[in-house]
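Novice:
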RNA sequence: GGCGACGUAGCCAAGGGGCCAAAGGCGAGGGUCUGCAAAAUCCUUAUUCGUGGGUUCAAAUCCCACCGUCGCCUCCA
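Residue numbers (the numbering used here): 236 to 690.
#1: For residue 260, name the three-state secondary structure that DSSP assigns.
#2: In angstroms with no decimal places, state the Cα-to-Cα distance between residue 555 and residue 337.
#3: From which residue to which residue does the beta strand (DSSP E) around residue 494 run?
#4: Are the beta-carbon atoms belonging to residue 374 and residue 343 less than 9 Å from one another?
#5: With DSSP run on the structure shown, which of helix, strand or coil describes residue 637?
#6: With contact counted as at least three CB pairs below 8 Å, one residue from each stretch, are the stretch 455-465 and the stretch 252-259 in contact?
#7: Looking at the secondary structure, which residues open and close the alpha helix (DSSP H) in which residue 582 lies?
#8: Look at the alpha carbon of residue 496 and the alpha carbon of residue 536, and state the distance between them as a whole number of angstroms.
#9: Quick one: any contact between the stretch 610-623 and the stretch 532-547, if contact means 3 or more CB pairs under 8 Å?
#10: Please report how far the alpha carbon of residue 649 lies from the alpha carbon of residue 685, in whole angstroms.
#11: Pick from 324, 664, 358: whose alpha carbon is nearest that of residue 418?
#12: Quick one: what's residue 266 bridged to in DSSP?
#13: Mind reading off the beta-carbon distance from residue 517 to residue 272? Whole number of angstroms is fine, and I expect it under 8 Å.
#14: Are there three or more Cβ pairs, one per stretch, closer than 8 Å when the stretch 525-539 is compared with the stretch 571-584?
#15: Going along the chain, which residues of its own chain have a beta-carbon closer than 7 Å to the beta-carbon of residue 437, five neighbours each way excluded?
#16: Among the residues of its own chain, which have a CB less than 7 Å from the CB of residue 638, if the five just before and after it don't count?
#17: Taking 8 Å as the line, does the beta carbon of residue 308 fall inside it for any heavy atom of the ligand GDP?
#18: I'd like to confirm the pairing. Which residues does DSSP put opposite residue 370 in its beta bridges?
The following block contains the structure:
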């Protein structure tokens, strides 16, 4: 029995799917105008891992993660670089997949992008207009918040409080400051599409509603994203979706906590971002996954070299256990049903069934690590190894190691050889050269020093 | 100003009425192993859960107040 903390109710609830054994899930993906940062990676890794856990538990999961490729920042960046928005977003979607692949994230069932759904977006807005949930002014179309009675229910705010707040932008075209844009009239230097309201482009919130309705239907099981999306993004999505279909849109809302750097949220606008690309280079994918999964997904966490070194050390403890098991029993693998495996599998599921409690899951893993290191029972050791590989379906580590290229080792050997040459120990230096040669490294002593290449 | 979350050992972090004299990781201290070292390994490391009240037979866990930290209310995972 899986339980999930649902932002909508604020409670942990038993997970029941709309269709038995099937889960339809939608995760808000990145806006593609630069490389993703570790905050983006958290949502991607956590929900991918959760998705795979659901699969492990026997569900068939339709997983959708979008790319926002129409957006002010994309347009601005593209204009600044003198390229089209499309070229810019194409580039960063490709970069996203490189990072996701390095992080061990499984591709989604669907990776929709906004620009492929503009027709559907227009139809969706027309529906809203027909149902009197939207109105147009000067080529813009706005959602009428007052027409949707439960507006604010997801983010637990009430519209009156928000109107009283001073931070809502004043826009004369809106009937109500809370109303939000569904369609924006065209401006110079912006991509535009034909619509019943003239040339223009979609607003931000509309895309997820539309793409999910096309790909998953009017109702689906899980909608996930960062806590910073709860308001206004998800609130608005919910309003327009339910206004249009008249049905409950999402059963469970899951939101991951933010990553901060020195007590301040990591965000593109603050500029204190740490690229996934950079983090991968410095710490490697496995340490990054430990870092992201060893804290509960809903808690805010801090990104720092201390935390990453810690994660790296923790991961190393796991691989050390695998190494020790292999040393003791070779490559034996136990897959038959037995009490020990059942017991520990139950511990793992108990942890993850409870709102995907990955810290607890790691606790289970490290208890087994300890067992593996202190035990000499071959049977047990092979059972532990089998469990680790079984669980890796959702933990997603790359146990194949070789995170470092061999280049720097060659470099060091070349240096050692040159040390030997310097003291005229040619027996030693030639020995090193011969060894390298056998390994496929060609040494070239030139006037400006020693060079080498892979042969 | 409004709404929400959080405060557990040196650090990170589970637990969310009795099974808790509180899981796990990092670090630290000691032992084993080792030519020396490193690595590895074993053991130890919170009578206590921000502070003060309250509810209860029983509270880290529920309620109230206070202090502190963070997030959202504007684009953001």
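The beta carbon of each residue, even a glycine, is placed where N, CA and C say it ideally should be.
Keep in mind that this is a model prediction, so the values were computed, not measured.
Specialist: The answer reads as follows:
#1: To locate residue 260, count along the first chain from 1; it is residue 25. Residue 260: strand per DSSP, three-state reduction.
#2: Locating residue 555 in the first chain gives position 320, counting from the first residue. Locating residue 337 in the first chain gives position 102, counting from the first residue. Their backbone Cα atoms lie some 22 Å apart in a straight line.
#3: Position 259 of the first chain, counted from the first residue, corresponds to residue 494. 494-496 is the extent of the beta strand (DSSP E) around residue 494.
#4: Along the first chain, one-based indexing puts residue 374 at 139. Along the first chain, one-based indexing puts residue 343 at 108. Contact flag unset, no.
#5: Taking the first residue of the first chain as position 1, residue 637 is located at position 402. Residue placement at residue 637 is poorly supported in this model, since its pLDDT is 47, which falls under 50; the coordinates are not used for a value here.
#6: yes
#7: Your numbering for residue 582 matches position 347 in the first chain. It spans 574-588 - the alpha helix (DSSP H) in which residue 582 sits, taken as one unbroken run.
#8: Counting from one through the first chain, the residue named residue 496 turns up at place 261. Counting from one through the first chain, the residue named residue 536 turns up at place 301. Distance between the alpha carbons of residue 496 and residue 536: 9 Å.
#9: no
#10: Within the first chain, the letter at position 414 stands for residue 649. Within the first chain, the letter at position 450 stands for residue 685. Cα to Cα, the separation comes out at about 8 Å.
#11: By one-based count along the first chain, residue 418 stands at place 183. Residue 418 has its Cα closest to that of 358, out of 324, 664, 358.
#12: For the purposes of this step, residue 266 is identified with residue 31 of the first chain, where counting begins at 1. Answer by DSSP bridge pairing, in chain order: 303.
#13: Position 282 of the first chain, counted from the start, is the residue given in the question as residue 517. Position 37 of the first chain, counted from the start, is the residue given in the question as residue 272. Incorrect: roughly 14 Å between the Cβ atoms, too far for contact.
#14: no
#15: Counted from its first residue, the first chain places residue 437 at position 202. Result list for residue 437: 305, 349, 353, 356, 418, in chain order.
#16: The sequence position of residue 638 within the first chain is 403, counting from 1. Note that residue 638 has pLDDT 47, beneath the 50 cutoff, so the model's placement of it is unreliable and the number below is only indicative. Closer than 7 Å at Cβ, skipping near neighbours: 519.
#17: The model on display carries no ligand, and the ligand GDP is accordingly not part of it.
#18: Here residue 370 refers to the residue found at position 135 when the first chain is read from its first residue. Beta-bridge pairing links residue 370 to 377.
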